[in-house]
Structures are given as structure tokens and as C-alpha cells.
Amino acid sequence: MTATTTERKPALRPLGAYVDEQVRKLQEGYLRDRPGAVATLAGLRGGAGKPLTDAPEAWEFTSAPQLHDALPYGGDPEGERRREAAENAVHMALSLYAVHQQSRREERMHRPGPDLGRAVRRLMPPGDIDQALHRRFVQAGTAVDPAVLAQRLREIVTLLRRESIPLDYGLLADHLHTALAERNGIKQVRTAWGRGFHAYRPANEPADTGTNDDTDKDAA
Numbered sequence: 001m002t003a004t005t006t007e008r009k010p011a012l013r014p015l016g017a018y019v020d021e022q023v024r025k026l027q028e029g030y031l032r033d034r035p036g037a038v039a040t041l042a043g044l045r046g047g048a049g050k051p052l053t054d055a056p057e058a059w060e061f062t063s064a065p066q067l068h069d070a071l072p073y074g075g076d077p078e079g080e081r082r083r084e085a086a087e088n089a090v091h092m093a094l095s096l097y098a099v100h101q102q103s104r105r106e107e108r109m110h111r112p113g114p115d116l117g118r119a120v121r122r123l124m125p126p127g128d129i130d131q132a133l134h135r136r137f138v139q140a141g142t143a144v145d146p147a148v149l150a151q152r153l154r155e156i157v158t159l160l161r162r163e164s165i166p167l168d169y170g171l172l173a174d175h176l177h178t179a180l181a182e183r184n185g186i187k188q189v190r191t192a193w194g195r196g197f198h199a200y201r202p203a204n205e206p207a208d209t210g211t212n213d214d215t216d217k218d219a220a
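Take the sequence shown: its letters are residues 1 to 220, numbered as in the UniProt record's numbering.
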């Protein structure tokens, strides 16, 4: 089978690329009903909404040399703060993916391209705004506390799962890293999500479901 690849704009940064690689492996393992992937996702799902210190199932991912070798942070307090933000972003993205993929045995809920704003917009009828859902989206984009942000995102991801709408978890991880590591980072992320939400969509735009194979870099 020849797989196509959706180009991301902008390209993933090192942390997002790491999360993208891990999620691809877990996704393909889950779709093939491999016990290791099924168990790992169950463990990650159990850590959703919890601080990293209370989510030991995520530690193998947040402490991986592959991740930290790609992050040029020093041993000073600022470097440690950024490193902690990176680990929390990885934990949050992976646990949210685990929630999103749950019980979706034939659909890929991770796909390159759709950011959170675009995915949320697809939950709404064309030309109409669901005010309750829009409030949740705005609350996620204004959350400065990581625990609140994680909870708001979990609520949204649960709705995306219900409608089988995929999300780019590498891109989400990069956005979360910005939100947690940069001063005023959540404002930058809110702008990006808002841009995705309000982006022009042709009336005949095909449905972006999770059944395509365009993320299938065979993880066998």
C-alpha cells in the first residue's frame, strides 16, 4: 500500500515530532490489537487529568533520552522549568490521545494537520456556532493553570471521540509546550487555535475522519 502524507504547516518542533512518533506507534499497535499497545494506552488514559507525578505510566515517555536529547535546556533553574514544562506537555498530549482513541478500533484519532481549533469547528454545523461548545473552547484557550487546561481539553477530546473527529497530537503537544513553557504562551496558543477555528472551509470540503491511512508509517 502506498501511503500519502499530509504536510503540516508549520512543521513540528522536536517535542511535537517525538510525540507524533510515539502516538503513531501506539495507534498502529492498538488498531492491530497488540496487547502491549492496548495496555499502554489504558495506563496513559488512567493518568489523564492527573499531574505527572501521579501518572507513572507516562514516565517512560517523559523521561526518554530521545526526548531530552532533543531539548537544549541547561541545568539552571530556567532550564529545569522548561524541561518540566516539556515533560508535562508530553504527558498531557499522550493521555489525551489515549482518551481519544479509546474503543476506536478501526479509526485513527491521530492524524497530521487538524489543530484543536479546526477540530472543534468540525463539531459544529456549517455556518452555525454551538455556543456551549464554543465556551468550552474559549475556556481551554484562557486556562493558565495546567490542571484546568488538562480538564478542559479532556472534555473537548471526549466530544471529538464521540464524533470520530481526529486531531494532530504532535501539533497539540507543541502547542501545549508553548502554553506551559513560554511567558504569555497560552495567548500565543489561543491565537493559533482561534485561527484554526475561524479558517475558511469550502462548502464541499471532504469529511476529515480517522479512517484514512495517511498517518500509517507502519509501526510493525
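By construction, the Cβ of each residue, glycine as well, lies at the ideal position given by its N, Cα and C atoms.
Quick one: measure Cβ to Cβ for M92 and A150, integer angstroms, because I've assumed they're closer than 8 Å.
Counting from 1 along the sequence shown, the entry for residue 92 is found at position 92. Counting from 1 along the sequence shown, the entry for residue 150 is found at position 150. About 5 Å separates the two Cβ atoms, so the contact holds.
What are the uninterrupted segments assigned as alpha helix (DSSP H) that are 4 or more residues long and contained completely in the segment 31-57, given in chain order?
35-46
Would you mind giving the Cβ-Cβ distance between V99 and G141, rounded to the nearest angstrom? I have them listed as a contact below 8 Å.
Start at 1 with the first residue of the sequence shown, and residue 99 comes out as number 99. Start at 1 with the first residue of the sequence shown, and residue 141 comes out as number 141. The pair is not a contact, with the Cβ atoms about 19 Å apart (cut-off 8 Å).
Find out if the Cβ-Cβ distance for the pair A192, R82 is shorter than 9 Å.
Position 192 of the sequence shown, counted from the start, is the residue given in the question as residue 192. Position 82 of the sequence shown, counted from the start, is the residue given in the question as residue 82. Cβ atoms of A192 and R82: not closer than 9 Å.
DSSP state of L123 mapped onto helix, strand, coil:
As a first step, residue 123 is located in the sequence shown; it is residue number 123 there, counting from the start. Three-state result, L123: coil.
Any idea what DSSP makes of L12, helix, strand or coil?
Stepping through the sequence shown from its first residue, residue 12 is reached at position 12. Here L12 sits in coil by DSSP.
With a 10 Å radius around its C-beta and 16 neighbouring C-beta atoms as the bar for buried, classify residue 250 as buried or exposed.
No information on residue 250 is available, as it lies outside the stretch 1 to 220 that the chain covers here.
Hey, how far is the Cα of A143 from the Cα of R118?
Locating residue 143 in the sequence shown gives position 143, where the first residue counts as 1. Locating residue 118 in the sequence shown gives position 118, where the first residue counts as 1. In a straight line, the C-alpha of A143 is about 19 Å away from that of R118.
Three-state secondary structure (DSSP) of L71:
The residue you call residue 71 lines up with position 71 of the sequence shown. If DSSP states are grouped into helix, strand and coil, L71 belongs with coil.
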